[in-house]
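A short write-up of the structure that comes next.
In the numbering used here, the protein residues as written are 7 to 409.
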């Protein structure tokens, strides 16, 4: 597969900066080593942002959504319609990631990378709102009419009073416009069934990568939190992990949205078919096109761009980690910019983290996806920066160090 033009991700290893960060952390008014992994996190953030006083700005949670042709083979407990319905739930503020983003002041953007639903067309039906009008009402819908650009701030709280929202968005729908907070970057309405051939063409994969890079360029801030939504995408993540990690696919295939033992066995058998059908796709980009999804490919492009801009990349669970795995095989220094939020309860994620040499911040048994784990972990990053920037040293506080 011919490589598309991708963002350059330089090595940011800086021994002098690392030494200075460790010295600053080591002089804080706590016993040596008492900060545990908070000290590691503070050092990591300083290294990523290139500063001994790192400050996180305008965090962006991007939920990449797309459907998978493989879902027709029964690899998920839920129908593909759930993908577009959950997009509506995100925009309404009712999804787990929406609640957590709102709680922690994180801007949320949903990207239609390849959902099997026409959000542009009023005949597709209105998105579910759960009683919430879009933030900014008329102005927000006018912004959507100008090109479907994202809302700049957090989503409104459930039950928030509309500001001309309902009427304005009905007008937007009559004009065939998308809802505020939703970016349309659709490659196609779902991938092909990769159990019989490639999920997407090389050209489609290249376009998804470019889309991901471009959308990050337009986002403010210096931190990107990765989220996703797509029925069948744990299958794609399992396939990419098995192919790029040289693992038996059964080792990294789990329940996804809730399959029982029989369902997992059926899913595993289908994934073996996909690996056989795409046996020649062994390089990272070829594997991504053959076995991935539009949302994963777009996410890979975003990860590469965020890394090239030296943003902090907060990695959620299994699917987001699969995108990072691909990105890191393309540009290994990507991993220098990553903070892995949590260890997912999805089978395969622990093995994935081993492949990446990553130790996540928390293990809560989550397997929600959506970027929910990344949003939950966000306050830890904020706290680590505060410790580094605001906590007194033994010298500044006039506190005696150990003898």
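Even for Gly, the Cβ is constructed at its ideal location relative to N, Cα and C.
Residue 332 sits in a helix when the DSSP states are folded into three classes.
With contacts defined by Cβ atoms closer than 9 Å, residue 298 and residue 12 do not form a contacting pair.
Bridge pairing for residue 348: 368 [DSSP]. When the beta-carbon positions are compared, residue 383 and residue 348 come within less than 9 Å of each other. Scanning 197, 27 and 83 for the CA closest to the CA of residue 122 turns up 197.
If you keep only unbroken alpha helix (DSSP H) runs of at least 4 residues inside the region 257–335, you get 267–283, 290–297 and 300–314.
Counting the other Cβ atoms within 10 Å of the Cβ of residue 322 gives 16 or more, which makes it buried.
When only Cα atoms are considered, residue 301 and residue 24 end up about 35 Å apart. In the same chain as residue 54, and ignoring 5 residues on each side of it, the C-beta atoms closer than 6 Å to its own belong to 318 and 343, in chain order.
Shown here for residue 230: same chain residues with a beta carbon closer than 6 Å to its own, the five before and five after excluded, namely 66, 312, 317 and 319 in chain order.
By the CB criterion at 9 Å, residue 325 and residue 82 fall outside the cutoff.
DSSP places residue 391 in the uninterrupted alpha helix (DSSP H) bounded by 378–396. Secondary structure remark: continuous beta strand (DSSP E) runs of at least 3 residues inside the region 21–90, in chain order: 66–72. For residue 29, the number of other beta carbons within 10 angstroms of its own is below 16, and it is reported as exposed. Following the DSSP letters along the chain, one finds residue 105 inside the alpha helix (DSSP H) bounded by residues 102–109. In the DSSP assignment, the residues bridged to residue 188 are 116. Out of 69, 281, 285 and 397, the CA that lies nearest to the CA of residue 97 is found in 69. Residue range 229–235 is occupied by the beta strand (DSSP E) that includes residue 229.
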